[in-house]
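Residue numbers (our numbering), protein chains in the order written: chain A, 400 to 675; chain Z, 25 to 326. Every residue gets a Cβ at the ideal spot worked out from N, C-alpha and C, and that includes glycine. Here the structure is laid out as structure tokens; the discussion comes afterwards.
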């Protein structure tokens, strides 16, 4: 039953989508501008992309950000998935309320507060234990705290809707609880784990504020380098870099989304086949 | 025997192997840092590493000495920059949230009314910008609204204006930045509640003679309140603490608390005052965060 949607609603929906996409489209358009003056169109050229390859500052920062992103995403998926299992499967335990609060708070907490408080912790820790030195390690630790929260929320909703009868059947057949979980429920939440890995990776790759606080001398992530350039205004090489990142991340997310949809459809088809 | 004992122990306490890692991690690296900020907000600045004095010290004659410096908090209330920037941040975040709601509600409503397959495509379109870089999107907006940007060029070309509008470095730019960046956070929770809406209720209202606008006010709006509040808080709370948008798009007048905090920390290197600013900020946020927790957990349960 399809109902008519008021033209006004459709207009506002299109306007909203335009607001979200026009700036990105314009940015990508200008990144191919041959002119070094950002306001003058000097013809089509990919020279700014080629110049990125010779910019050591940007390449170093990108390499650092990628390494941080991979470690953060992997660590957060493990922590976040454990938290989600704890919250969905164990209805009562000491600290449940505390854990619930701590996985929801980072989603709304202004980054600037998280960044300052975490820096104060790291500085005091370094003072007492001579560890961790500010840089790669502290950025990874700080990012994992808020990325794990996003993972928990994603996996939690998936786990809640998961059918437990298969797992119970496996346990009736003699499998231990861990074994039964891995064989039956884990494949079902795998798409959620994959998408939250990707989400953590992009959140880490994008973070400026928390990284700026907890990083030390010599460890500048990609957003930190971009921010210091952008403060001076629009520049053609940042246009190219920004377009490259947005298109790459967008393509990865779309590809992953498509793949997960296929996996889901296959799983549902299998389930229907099994019922017959 | 030992194996059996180990299995018994695992069965009874095994769940703590799952609970403890995330619980301890978040406790140490998310919650306890707030305690550090609270303690350091009572310290003095000092020329050393780390740049603040000890609160607790042991005197040579073995007395435990606790020195609490309340001066940082007094300073926050006497220097009007802080009070004004808190108020300015709340005002900016409030109006941005209202505009996001006015724009996001019809969007979510329209999406919820489309077919399931269209819904998933539209949702993807809304979510995709959230996945791509926040900083880079703010930068992209600058390309539109700067003096020689697309908006001014288009308006000049159309002959609507005869000299470029100054949008960059104004309050308007900050509002545009926040709305542009946070719109997806408003649409998604609203969609989640509107999608679950029971249409038979609207039909019942229509059968009982209620005109559509009346049915909307009496049925749809109250039922979508959890989404309205969750979405509003998802925009309002981070917007208050926003640093990137007022710094890149705003002018010197757009002193939001995030910028003041950043300058206090990196510019003045006054960590105790920065900690005090953060603590007061956090106290202001307790209400909105509790509101968000309440409504988002309600949404998750249903």
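Using alpha carbons as the reference points, say which of the options lies closest to residue i.
i, options, result
"residue 445/A", "673/A, 574/A and 640/A", "640/A"
"residue 635/A", "554/A, 435/A and 584/A", "435/A"
"residue 521/A", "534/A, 510/A and 569/A", "534/A"
"residue 49/Z", "670/A, 479/A and 426/A", "479/A"
"residue 560/A", "546/A, 588/A and 632/A", "588/A"
"residue 220/Z", "84/Z, 293/Z, 245/Z and 159/Z", "245/Z"
"residue 647/A", "490/A, 619/A and 465/A", "465/A"
"residue 537/A", "459/A, 610/A and 489/A", "610/A"
"residue 427/A", "200/Z, 112/Z and 167/Z", "167/Z"
"residue 284/Z", "153/Z, 223/Z, 100/Z and 35/Z", "100/Z"
"residue 576/A", "30/Z, 160/Z, 28/Z and 38/Z", "38/Z"
DSSP three-state label for residue i, please.
i, result
"residue 633/A", "coil"
"residue 674/A", "helix"
"residue 413/A", "helix"
"residue 189/Z", "coil"
"residue 138/Z", "coil"
"residue 436/A", "coil"
"residue 420/A", "helix"
"residue 90/Z", "strand"
"residue 194/Z", "coil"
"residue 71/Z", "coil"
"residue 79/Z", "coil"
"residue 183/Z", "coil"
"residue 155/Z", "helix"
"residue 513/A", "helix"
"residue 531/A", "coil"
"residue 655/A", "helix"
"residue 490/A", "coil"
"residue 623/A", "helix"
"residue 616/A", "coil"
"residue 97/Z", "helix"
"residue 501/A", "helix"
To the nearest angstrom, how far is it from the Cα of residue i to the Cα of residue j?
i, j, result
"residue 149/Z", "residue 526/A", "47 Å"
"residue 68/Z", "residue 603/A", "34 Å"
"residue 162/Z", "residue 270/Z", "10 Å"
"residue 543/A", "residue 241/Z", "43 Å"
"residue 645/A", "residue 486/A", "34 Å"
"residue 311/Z", "residue 438/A", "45 Å"
"residue 586/A", "residue 593/A", "11 Å"
"residue 477/A", "residue 43/Z", "12 Å"
"residue 179/Z", "residue 189/Z", "9 Å"
"residue 496/A", "residue 45/Z", "16 Å"
"residue 547/A", "residue 475/A", "4 Å"
"residue 320/Z", "residue 203/Z", "21 Å"
"residue 61/Z", "residue 600/A", "28 Å"
"residue 304/Z", "residue 281/Z", "11 Å"
"residue 98/Z", "residue 514/A", "24 Å"
"residue 122/Z", "residue 660/A", "35 Å"
"residue 309/Z", "residue 261/Z", "7 Å"
"residue 579/A", "residue 132/Z", "40 Å"
"residue 431/A", "residue 638/A", "9 Å"
"residue 507/A", "residue 597/A", "20 Å"
"residue 267/Z", "residue 236/Z", "42 Å"
"residue 462/A", "residue 422/A", "27 Å"
"residue 252/Z", "residue 86/Z", "58 Å"
"residue 248/Z", "residue 218/Z", "6 Å"
"residue 412/A", "residue 250/Z", "21 Å"
"residue 141/Z", "residue 297/Z", "53 Å"
Who are the Cβ neighbours of residue i in its own chain at under 6 Å, not counting the five residues just before and after it?
i, result
"residue 567/A", "none"
"residue 186/Z", "none"
"residue 255/Z", "210, 213 and 214"
"residue 608/A", "510, 511 and 514"
"residue 401/A", "The predicted position of residue 401/A is uncertain, since its pLDDT is 47 and thus under 50; no value can be drawn from it."
"residue 272/Z", "162"
"residue 58/Z", "none"
Looking only at its chain, what residues have a beta carbon closer than 8 Å to the beta carbon of residue i, apart from the 5 residues adjacent to it on each side?
i, result
"residue 433/A", "441, 442, 443, 444 and 446"
What residues in its chain sit with their C-beta under 7 Å from that of residue i, if we drop five residues either side in the sequence?
i, result
"residue 483/A", "551, 554, 555 and 558"
"residue 583/A", "565, 566 and 569"
Could you name the residues of chain C that residue i contacts, counting a contact when the two beta carbons are closer than 7 Å?
i, result
"residue 605/A", "In the structure shown, chain C cannot be found, because the protein chains are A and Z."
For the ligand ZN, is there a heavy atom less than 6 Å away from the beta-carbon of residue i?
i, result
"residue 615/A", "Within the structure as shown, the ligand ZN is missing, as the structure has no ligands at all."
Fill in: Whole runs of the alpha helix (DSSP H) within the segment 216–272 of chain Z, excluding any shorter than 4 residues
223–231, 236–239, 249–264 and 268–272
Worksheet item: Taking the runs of the alpha helix (DSSP H) that are 4 residues or longer, which of them lie wholly in the segment 275–311 of chain Z?
Response: 281–286
Worksheet item: Which ranges does the alpha helix (DSSP H) cover as unbroken runs of at least 4 residues, wholly within the segment 533–600 of chain A, from first to last along the chain?
Response: 535–560, 564–571 and 576–579
Worksheet item: Whole alpha helix (DSSP H) runs in the segment 442–486 of chain A with 4 or more residues, listed along the chain?
Response: 446–451
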